[in-house]
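In the numbering used here, the protein residues as written are 33 to 123.
First comes the structure, then the notes that go with it.
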Ligand code: SF4
Ligand code: SF4
């Protein structure tokens with residue numbers, strides 16, 4: 033996705049962050065997401081974020097299915113305010 037509601041996707045800081053200390057390498061997130069955001073790394077035995085800007089804005093599904101709560105997203109309120117400001121500038 034190059035743009036989201038007319039905003040360049042690369043200007044929208046919405047993507048998962050994986051805490052490597054918590055990741056047990058179960059691959060559930062990487063196998064679930066079809067957007068090529070996440071990649072299991074054979075060497076480390078953990079999943080990493082490969083293409084952050086492929087993530088669907090405001091999707092959090094992989095965080096919900098992670099058994100160890102290793103995946104996090106930006107603060108909901110702060111992100112919502114960020115989007116409002118960005119969208120208002122376009123009007
Ligand atoms: S939040 Fe959704 S789109 Fe983004 S990486 Fe997770 S499952 Fe994929
Ligand atoms: S679902 Fe969680 S524990 Fe499993 S690979 Fe993904 S980040 Fe790691």
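We treat Cβ as the ideally placed atom computed from N, Cα and C, and that holds for glycine.
Whose CA, out of the options, lies closest to the CA of residue i?
i, options, result
"residue 114", "46, 104, 87", "46"
"residue 108", "85, 71, 90", "90"
"residue 48", "116, 118, 122, 96", "96"
"residue 34", "117, 87, 112", "87"
"residue 81", "57, 67, 50", "50"
Round the Cβ separation of residue i and residue j to the nearest angstrom and send it over; I've been treating them as touching at under 8 Å.
i, j, result
"residue 59", "residue 76", "13 Å between Cβ atoms; not a contact."
"residue 98", "residue 61", "6 Å"
Does the Cβ-Cβ distance between residue i and residue j come in under 8 Å?
i, j, result
"residue 85", "residue 37", "no"
Any idea what DSSP makes of residue i, helix, strand or coil?
i, result
"residue 101", "coil"
"residue 67", "coil"
Is any heavy atom of ligand 1 found at a distance shorter than 7 Å from the C-beta of residue i?
i, result
"residue 49", "no"
Consider the C-beta atom of residue i and the heavy atoms of ligand 2; say whether any pair is separated by less than 7 Å.
i, result
"residue 100", "yes"
Hey, is residue i's beta-carbon within less than 8 Å of any beta-carbon in chain B?
i, result
"residue 96", "Structure shown: chain B not included; a single protein chain is present."
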